[in-house]
Amino acid sequence: MGLPFDISYVFSFMPKLASTLLLTLGIVAGSLLSGLLLGLIAALPRLYRIPVLQQASVAYASFFRGTPILIQLFLIYYGLPELLKMAHIDVTRTPVLVFVILTYGLHTGAFVSETIRGAVMAVDRGQVEAAYALGMTGPQAFLRIAAPQALAIAVPVLANQTLALLKDTSLAFTLGVMEMSGKAQSLARITQHFLEAYLALALLYLAVAFILEKLLLAAERRLLRHERPGEAAGRFRLRRGLTLRKLASGLQGGTPS
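Residues in the sequence shown are numbered from 207 upward in steps of one, following our numbering.
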């Protein structure tokens, strides 16, 4: 089970693990950007009830939300090249990091699509109708009226999804990507100090998550800067609970025309 616990190894491991932090953050950034794009694309057919595409969007979200991300990694890494071979496309030399980011992006996009859909539905329909009465087109009403308010509603949920994505990157080492978890496993095997390696890894993840949370919190405050100071502060403290209720009521309500 390894050598006796030695706290000094925790401090010596942390700089070595930090050397792979940029790779981990790169996976998070690439997956989040692709997930936001895929989520928006998947949400639109359901918002506007586009035939066929609506059913495809539901199937996509159901699959990636209902299956473990580890299984998704294996399916994309081993299955996608086989499917592309049928179309005479060879991706066997594609870096494994591409498959990892693609998988995390698809996984994140499934959750983002539900967040976007619920956030847009939570915006007061009367405001959109008032925009139409003022002569705005559909895209103008969405971008100028609905989208900013929906973004403020969705930010706390997207923040939680970002933190979850950070933790999920720890599975990338199963495909051979030497990110923080892979490095910790390697250090543990070499030194036989398993507890110290994983304790250092946990502390590093905690520090990064704390910084990300503060940055996302600042972004949420900025999105709510248009409200009265007292009201904004009160809403900010209750934001997570209110957002979940709004999303839940939005998902049960109607869709925009």
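From the three backbone atoms N, C-alpha and C, an ideal C-beta is built for every residue, glycine too.
Quick check: the stretch 299–310 against the stretch 233–250, are there 3 or more CB pairs under 8 angstroms? Inter-segment contact for the stretch 299–310 and the stretch 233–250 is present: three or more beta-carbon pairs are separated by less than 8 angstroms.
Are the beta-carbon atoms of S319 and G272 separated by less than 9 angstroms? Their beta carbons are not under 9 angstroms apart, which means S319 does not touch G272 by this criterion.
When the Cα of A425 is compared with those of P362, Q333 and L229, which residue comes out closest? A check of alpha carbon separations from A425 across P362, Q333 and L229 identifies P362 as the nearest.
In whole angstroms, what separates the C-alpha of F317 from that of L371? Near 11 angstroms, if we compare the C-alpha coordinates of L371 and F317.
Have a look at A267, G232, P257 and G382 and flag the residue whose alpha-carbon is nearest the alpha-carbon of A248. Ranked by Cα distance from A248, the first of A267, G232, P257 and G382 is A267.
L401 versus F211 - alpha carbon distance: For L401 and F211, the distance between alpha carbons rounds to 7 angstroms.
Using alpha carbons as the reference points, say which of F270, K222, R252 and A347 lies closest to G324. Nearest of F270, K222, R252 and A347 to G324, Cα basis: R252.
Between the C-alpha atoms of L209 and L423, what's the straight-line distance to the nearest angstrom? Straight-line Cα distance between these residues: approximately 41 angstroms.
Taking Cβ to Cβ, would you say F219 is nearer than 9 angstroms to L407? In this structure, F219 sits near L407, with a CB-CB distance shorter than 9 angstroms.
Taking three-plus beta-carbon pairs below 8 angstroms as touching, is the stretch 332–344 in contact with the stretch 256–270? Verdict: no, contact absent.
Label S214 either buried or exposed according to how many other C-beta atoms from any shown protein chain fall within 10 Å of its C-beta, with 16 as the threshold for buried. By the beta-carbon neighbour count (other beta carbons within 10 angstroms, threshold 16), S214 is exposed.
Using a Cβ-Cβ cut-off of 8 angstroms (strictly less than) and excluding sequence neighbours within five positions of V297, which residues of its own chain qualify? Apart from sequence neighbours up to five positions away, the residues of its chain that approach V297 with a beta-carbon distance below 8 angstroms are L286, P287 and L290, ordered along the chain.
Could you tell me whether the stretch 337–355 touches the stretch 370–385, where touching means 3 or more Cβ pairs closer than 8 angstroms? The stretch 337–355 is not in contact with the stretch 370–385.
Residue nearest to I417 in terms of C-alpha spacing, selected from G315, L231, P221 and T226: Closest by alpha carbon: L231.
Local Cβ density within 10 Å of K389, reported as buried at 16 or more and exposed below that: Classification for K389: buried.
Give me, in chain order, the residues of the same chain whose beta-carbon lies closer than 7 angstroms to that of L429; leave out the 5 immediate sequence neighbours on both sides. If the five residues before and after L429 are omitted, its C-beta is found closer than 7 angstroms to the C-beta atoms of L357, A358 and V361, all from its own chain and listed in chain order.
According to the neighbour-count rule (16 or more other Cβ atoms, all chains shown, within 10 Å of its Cβ), is A394 buried or exposed? So A394 ends up on the buried side.
What's the C-alpha gap between V302 and L281? Answer to the nearest angstrom: the Cα atoms are 13 angstroms apart.
Using three-state DSSP, classify I191 as helix, strand or coil. Absent from the model: residue 191. The displayed extent of the chain is 207 to 463, so no value can be given.
Cβ neighbours of A352 in the same chain (closer than 7 angstroms, five flanking residues each side left out): Within its own chain, the residues whose Cβ lies closer than 7 angstroms to the Cβ of A352, once the five positions on either side in sequence are excluded, are V326, V329 and V334, listed in chain order.
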